[in-house]
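Student: The structure's right below; bear with me while I get my questions together.
Below, the structure is given as C-alpha cells:
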C-alpha cells in the first residue's frame, strides 16, 4: 500500500474550477513549500460517472504528463475519486467517515468548491441555493476541520458577489455579518433571509440574489470558524476566496478567466505560502476587503 506525505480533497471537482484546482494542485505541488513527499488528492463529485470521467481526464492530461506531475508519470501526485453530494448530510457523513477511516492521522487540506448557481429568484431558488452553498459547505467544514493536521489548510470557495458592501444590505444586517463571533450567528442570518423571501419582505434588508447572499454567508461563516479555531489553539489556516469570473457552465461560458486561472487563488491557499493568513477573504492571490 502506498504511503503519502500529504493528503487533500477538493469537492465539486468533476468540471470547471474544481477540476482545474485538482490539475493545478498536481502541477504546482512539486514547487510548493508544503512538498515533503507523495501527495494524494481526492476528487469528489456527486455523480460517480462524471467523477470517474473527470478522474480519467486528469490521468490522461497532456500538461500533467509532460510535467511528470502524476505518480503514473514518475511524479509525486495520485488522484482518486470519492462520492460527495453536499446537498445531503448523509453523503457528507459518509465522505467524512471514509476520509477518517482511510487517514486516521488526519489530512492536510480540504478545498470546499462544490456549489450551485440557479437562474431566477424565488423561495425555492433561495432554499436550494442556501442548502448547497451555505449549509452544505458549513457541514463539510465542521465535520472535517477537526481532522485536518496541525499546519493544514481549509479553503472555502466564495465569490465577489458575496461582498456585503452591496447597498441592498441594510446597515443592521451588514453590522451583524461583520460583528458575528460564531457560525450560528451567520446561519441565523441565512435563515432570516430565507424567511423574509418567503414572506415577501426581504427587500428592506437584503438583495434579491440567492447566490450572492449564500456566498456572503460562506465568507462570514469561514471568518468566524477560523477565529474560533485559532482561539482554541489550532494552527490550521482557514480562508475563503473568490476564483474570479471564470468561463464555466455556472457562468454559461461568459467568464473572462479560464478555469486554470480561477484555480490559482484556491491552490495558493491550499499549498502555497500565505504568511499565516487566517479568516481572510482572498481574490487574485491577495487578501481583499469583504465589506
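In this note's numbering, the protein residues as written are 106 to 396. In this text, a Cβ means the ideal position worked out from N, Cα and C, and glycines have one as well.
(1) Note down the Cα distance separating residue 196 from residue 187, rounded to an integer number of angstroms.
(2) Within the chosen definition, does the region 199-216 reach the region 237-257 through at least 3 CB pairs nearer than 8 Å?
(3) DSSP three-state label for residue 117, please.
(4) Can you tell which of 340, 260 and 279 has its C-alpha closest to the C-alpha of residue 269?
(5) What number of angstroms, rounded off, separates the C-alpha of residue 213 from the C-alpha of residue 127?
(6) How should residue 283 be labelled, buried or exposed, when 16 other C-beta atoms within 10 angstroms of its C-beta is the threshold for buried?
(7) If you drop the 5 nearest sequence neighbours on each side, which residues of the same chain put their C-beta closer than 8 Å to that of residue 235?
(8) How close, in whole Å, do the beta carbons of residue 344 and residue 383 come, if the pair is a contact with beta carbons under 8 Å?
(9) Could you check if residue 258 is buried or exposed, using at least 16 other CB atoms within 10 Å of its CB as the buried criterion?
(10) For a quick check, are the C-beta atoms of residue 130 and residue 185 less than 8 Å apart?
(11) Considering only their Cβ atoms, is the gap separating residue 227 from residue 261 smaller than 8 Å?
(12) In whole angstroms, what is the alpha-carbon distance linking residue 371 and residue 290?
(13) Could you tell me the alpha carbon to alpha carbon distance between residue 155 and residue 163, rounded to whole angstroms?
(14) To which residues of the same chain is residue 116 closer than 6 Å at the C-beta, ignoring the five residues directly before and after it?
(15) Any Cβ of chain B within less than 8 Å of the Cβ of residue 351?
(16) Span of the alpha helix (DSSP H) holding residue 183?
(17) Buried or exposed, going by whether 16 or more other CB atoms sit within 10 Å of the CB of residue 376?
(18) List the whole-angstrom C-beta distance separating residue 158 from residue 368, where the pair is believed to meet the contact cut-off of C-beta under 8 Å.
Tutor: In brief:
(1) In this structure, the straight-line span from the alpha carbon of residue 196 to that of residue 187 is close to 11 Å.
(2) In short, these stretches touch, since the Cβ pair count reaches three.
(3) Residue state, collapsed to three classes: coil.
(4) Taking only the C-alpha atoms, the option nearest residue 269 is 279.
(5) Using only the alpha carbons, I get a separation of about 15 Å.
(6) By the neighbour-count rule (16 or more Cβ atoms within 10 Å), residue 283 is not buried but exposed.
(7) Cβ neighbours of residue 235 beyond the five flanking positions: 295, 298, 299, 315, 318, 319 and 322.
(8) So it is a contact: roughly 7 Å between Cβ atoms.
(9) That one is buried.
(10) At the C-beta level, residue 130 and residue 185 stay beyond 8 Å of one another.
(11) No.
(12) Using only the alpha carbons, I get a separation of about 26 Å.
(13) Cα to Cα, the separation comes out at about 12 Å.
(14) Within the same chain, residue 116 has close Cβ partners 149, 189, 217, 218 and 219.
(15) No chain B appears in the structure shown, which is made up of a single protein chain.
(16) Where residue 183 is concerned, there is no enclosing alpha helix (DSSP H), although the beta strand (DSSP E) it sits in stretches over 182-188.
(17) Only buried fits residue 376, as 16 or more other CB atoms lie within 10 angstroms of its CB.
(18) Not a contact, Cβ separation roughly 19 Å.
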